[in-house]
Structure formats: structure tokens, C-alpha cells
Amino acid sequence: MSNCLLSLKDITKIYPNGVVANKGITMDIHEGEIHAIVGENGAGKSTLVKMIFGMEQPSLGEIRLRGEPIKIDNPQKAIDLGIGMVHQHFMLVPSFTVMQNLLLGEEPKKGVFIDNNKAMEVTKQLSEKYNLYVEPTVKIRDLTVGMKQKVEILKALYRGAKILILDEPTAVLTSQETVELFSKLQLLKEEGHTIIFISHKLKEVKEISDKVSVIRQGKFEGTYNTFDITEREISKLMVGRDIILKYDKNPPKYGENILTVKDIEYENDNKKILDKISFSVKKGEILGIAGVEGNGQNELVKLITRLMDTQKGEIRLNDTLINNMSISELRANGLSYIPEDRMTTGIAGDGSIADNILANRILEDEFTNKGLLAGNKMKTKTGELIEKYVVKCSNALQKIIDLSGGNIQKVVVARECSVDLQLLIAEQPTRGVDVGSIEFIHHQLLEMRDEGLAILLISADLNEILELCDNIIVMYEGEIVAYFDDKAKVSEEELGMYMLGLEKHSPKNIRRAFNE
Ligand SMILES: Nc1ncnc2c1ncn2[C@@H]1O[C@H](COP(=O)(O)OP(=O)(O)O)[C@@H](O)[C@H]1O
Ligand SMILES: [Mg+2]
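Taken in order, the sequence shown gives residues 857 to 1372; the numbers are from my numbering.
Pasting the structure below:
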């Protein structure tokens, strides 16, 4: 084809451990398009793009650039060919500044020394040219995830990338950051860049891409014009079955109040973040907190899980006040927490699956008796959990960071849900996770609710809220603005009105969330 920029011919990748991650993939990427690659966890998407970026070598098959067969031995070779990549897990140096990271290894020099003024100027120019604003002298570790991603993109562009690969870039972003990223990608496209974009979120794929290629279990399922294919059709190709995120729930069997939050207020820099928040979660109930992100949900969770100190109000677990409890005491009292940001707070990235899956129970009697017996018990337990939670991996000692997003999340869920617990706080538990894993996690939550657990589910995903929750509260600008009980049968549109602050329930109705 005339303007075919990059073509993959019959690419097969077999890892040294025998995993066949890609099987005979043939795919054409055209100049100036945004080309999405979709597929379930472990389908082989990252493997495929790693070969384009020279981090892995195909076992069989050929890569061609403008019709010429090429061998991309290493990332430097890819960069020389104008290929750049933004990784799923950023590869920046946290203690270096933005500028140092951007220019790393390619710094402007004055003699043998780095020319700092020039470096500053280059950074500014770059930032202006691509309309990606970054503060040159701030250290990477002080940046939000969204900013770090900008630095990664700029870094690739500075090195001359014409083809830009982004591996699940939105998995770590808030919805506002995603909107911003997409507008930047559009600009890059208009300037003639070609973008390869991996995502699990089909809505995003529909929104941003021109072409979509589907991979299922290492095999290529075709490339489509995004305009011509529906989300439903794409998800069918991805998993080979119809995805219906609808569940037949058993009627709830509520018990006593497990979590009681009363008149919580929270201020930061004189700004009211939370105002008179009161609600409770009962045994056997999934209470949902719906809301656009940034309306106080995250702070509320931090107060309940004791990551932040309560300023005003009471939080009780059963009847015990937990305002001053330590995190370990809380855990001992049966609280588990699936955090929103699994990469930084959910896992120990350099640990193995085994380390991570048992991290919260190392102190249990069963495992404290160090030595062979305990070691064997830990091994057995890890094996059981990997099987029960269907974590796709080569073995328990594999580094957790090498798993796909959905499988990492399954490890977090396994860890949090396999201990003796009474209250589970699940914060965006399926964000950035593929459809198959979403269903799996949802079924787990429903099962635990039926077994009598109290679950507080914080989610920006309305489908998730409506399908799983028995009762729903809506937060807007730090307040509870609505309460719907299981008989209310609220629709997605209606919830949206409350989430955007266009509607508000009477205080009397909202008070019912407190179960007085
Ligand atoms: N370095 C590796 N060694 C062995 N197996 C791997 C390695 N990296 C990935 N895999 C396996 O290859 C398969 C595809 O993984 P990956 O390309 O990361 O999928 P995706 O990005 O679509 O989630 C998975 O089964 C995964 O466990
Ligand atoms: Mg991946």
C-alpha cells in the first residue's frame, strides 16, 4: 500500500519461558493515523509494541518501515528510526528535574559541561512547540501522573519520534487528564505524527482513533475503520463472547451497620473539601458513591482508611470510633482497601506476585513461624490465590510489574479480599482493567456482599455503580447531594444530573443514607 508506514508481517513472539505472546500477527499502520490496539489482559499488546520499540525481538516474522525490512535490535535503534514510546509504567528518574529527564543523554553542552541556560531554553521551546506545558525545574517525584506522562511524551518527541507508541496511557489518568491527552494527540496527528495507542476502554478508542486493531490471545483479529465498528462489535472480537455488564443480583440481606460516618467535615487551605458527610454501610450491602472525580470522594476515603486525619466528625467501624486508630489496627479490625492508584499505593512494584499477594498477612500466626513449614504454607496459599483469582502469570515469582493492568488488579483484589474482613472499601476497582477482569472483579464483589460483607464502592463508572450497588449516594462539591435506595431505580441520565450539580435531594432524603 502506498502510504503504509509500518507493517508487521507474521510476527510471532515466544518468550524464553515458552509463553507464546504473539502468533502470526500481520498489521499495517499508515502515516498520520491514530491506530488503536485493543485486546484483553495478556492478549499480547504490550509485547507487540515492545518489538516495534526494540525492547523485544520477534521469534519469527518481519517488521517493515516504508516497505524496507528492518531489524530493531534495541530502543536506541528505534529512536534513530523515529519511533518513540511512552511506557505503561513510566521510566523517568524521580529525583531528577523535568528538564534533566527530558534531555537525559542528549543535553546541550558547553565544552564538556551541560549548558543549563540552553537546556532551559530547549525545554521551553519544546514545551511550546507541542503545546505541552511542563515546569522545567520541578522534580519528577513531585509531579502528578498526568504531568509525568507529558514529560514522557515530550521526551520521545525531543528524540525525534514521528511514530509515537502509547501503552495504556489513560489507565492512570483522571477523566479531565484524558480529555487533555486526547486533544494533544489530535494536534500531534495534525502535524503528521503517527500514533499507536493501546487501550482497554472502548469508548476512548471510538473517540480518538482512526483505525482499531484487535488482538485476542496473541492472535490478530483484524483492523477496522473505527467509524465502521461499534463498541459492542469490538468487545465481541476481543473476548469472543458478548460482554454484558448486567448481573442478576440476589435480593439484599442487610444486617447491622458496619461503617458509620457522621458529620464529617474537612478543610484544606481554608477550602472546604467535605461538608457534613453522614452515611452508613450495613452488613450485606454495597453502598455506592457516585460522582465526578475530584468532588471529595478521594479525601473521604483517605479519612476512613486513616491515610489522613479527621478534623471534624466521627467515623465508626461497628461501634468503635476509628478516628485515631492506626492503619494496622484498622486492618486487624477487618477493614480492607482496594486503592484507586494501584501502581503507587496498591503494589510493591519490584516485588513478586507472591510478595504482593501475601503482603498484608505476613504477620499472621500461620506465616510467622519462619522456616520451611511457613515457607511451604506461603507457597501453597499463593498458589491457591493465583488460581482462585485467575491471575494470568508464568509463576508466582514473576515480578508483579510485568503483568497486565487487569492481572495486577486481580492480585490487589486477592490480597485485600482473602483475609478476614468486615468492610471493604473499593475505590475505582476496575479502572483501566479489561472487560474480562472487570466482570470477574464484579462477581467477586457481589459474592462477598451475599456472604455478608459491607462494601463501600467509589466509582466514576455509572454502569458499575448501577449494576452493583444496593444503595447509592451522589457527591458533588464535597457534599452528599442525593441518596437513592434500592427501590428508587434511578437511571444513568438521572444520576448524571445530580453528579453535575443540576439537581439536589432534600436534606431529609439525604439523611436516610445515615440509617438513623
Ligand atoms: N518478559 C516476559 N516473559 C514471559 N512472559 C511474558 C513476558 N512479558 C509478558 N509475558 C506474557 O505474555 C503474554 C502477553 O503479555 P502482554 O504482551 O503484556 O499482554 P497485554 O499487554 O495485552 O496485557 C502474557 O501471558 C504475559 O504473562
Ligand atoms: Mg500491556
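We put the beta carbon where it would ideally sit given N, CA and C, even for glycine.
query, result
"Environment of Gly923 [buried if 16+ CB atoms lie within 10 Å]", "exposed"
"Validate contact between the stretch 1305-1325 and the stretch 1128-1144 using beta carbons, cut 8 Å, 3 pairs", "yes"
"Neighbour-count burial assignment, Ala1338, 16 or more Cβ in a 10 Å radius", "buried"
"Test item, CB below 7 Å from any non-hydrogen atom of ligand 2", "Lys901, Ser902, Gln944, Asp1023, Glu1024, Ile1054, Ser1260, Gly1261"
"beta-carbon Val894 near ligand 1 non-hydrogen atom, thresh 7 Å", "no"
"Proximity test, Val1389 beta-carbon vs ligand 1 heavy atom, cut-off 7 Å", "The displayed coordinates of the chain run from 857 to 1372. Any statement about residue 1389 would go beyond what the structure contains."
"First through last residue of the alpha helix (DSSP H) which encompasses Tyr1014", "1001-1014"
"Residue ranges of each alpha helix (DSSP H) within the stretch 1142-1191, 4 or longer", "1153-1160, 1183-1188"
"Delimiting residues of the beta strand (DSSP E) encompassing Phe1340", "1335-1340"
"Reduced DSSP category for His891 - H, G, I as helix; E, B as strand; rest coil", "strand"
"Under 8 Å between C-beta atoms of Thr903 and Lys879", "no"
"Terminal residues of the alpha helix (DSSP H) in which Phe1038 lies", "1031-1046"
"Residue burial classification, Val1035 (beta-carbon count within 10 angstroms, cutoff 16)", "exposed"
"Close Cβ partners of Asp1098 (< 7 Å) along its chain, the five nearest in sequence each way excluded", "For Asp1098, the predicted structure reports a pLDDT of 44, less than 50, and the residue's modelled location is therefore unreliable. The matter cannot be settled from this model."
"Where Ile1099 sits in the DSSP three-state scheme", "Reliability fails at Ile1099, whose pLDDT of 48 lies under 50, so the model's placement of it is uncertain and the value that follows must be treated cautiously. Correct three-state label for Ile1099: coil."
"Cβ-based neighbour list, Gly898, same chain, cut-off 6 Å, excluding 5 preceding and 5 following", "Lys1248, Ser1260"
"Closer than 7 Å: Asp1206 CB and nearest ligand 1 heavy atom", "no"
"Proximity test, Asn873 beta-carbon vs ligand 1 heavy atom, cut-off 7 Å", "yes"
"Close-in-space but distant-in-sequence residues of the same chain around Gly991 (CB under 7 Å, 5 per side omitted)", "The sequence given here has Glu at residue 991, not Gly. The answer, listed in chain order, is Val954."
"beta-carbon Ala899 near ligand 1 non-hydrogen atom, thresh 7 Å", "yes"
"DSSP three-state assignment for Asp971, whether helix, strand or coil", "coil"
"Outcome for Ile1183 when other beta-carbon atoms lying within 10 angstroms are tallied against a minimum of 16", "exposed"
"Check: Ser1069 C-beta below 7 Å from any heavy atom of ligand 1", "no"
"Per-residue burial, Leu1358 [other beta carbons within 10 Å of its own, 16 or more giving buried]", "exposed"
"Beta strand (DSSP E) segment containing Met883, residue limits", "876-886"
"Classification of Gln913 by the beta-carbon crowding that lies within 10 angstroms, buried from 16 upward", "exposed"
"Euclidean distance between Cα positions of Met1164 and Asp1175", "21 Å"
"Segment contact flag, the stretch 1046-1064 with the stretch 1080-1090, C-beta cutoff 8 Å, min 3 pairs", "yes"
"Terminal residues of the beta strand (DSSP E) in which Ser902 lies", "It is not in any beta strand (DSSP E) - Ser902 instead sits in the alpha helix (DSSP H) that spans 901-908."
"Three-pair Cβ contact test at 8 Å for the stretch 934-951 versus the stretch 998-1010", "yes"
"Whether Ile1052 touches Ile1090 by CB criterion (8 Å)", "no"
"Contacting residues, own chain, Cβ-Cβ under 7 Å from Ser1250 (five flanking each side not counted)", "Asn873, Val875"
"Proximity test, Ser1250 beta-carbon vs ligand 1 heavy atom, cut-off 7 Å", "yes"
"Where Thr953 falls: helix, strand or coil (DSSP)", "strand"
"Under 8 Å between C-beta atoms of Ile1194 and Ala1282", "yes"
"For Met911, the residue or residues it bridges with in DSSP", "In the DSSP output, where bridge partners are listed per residue, Met911 has none listed."
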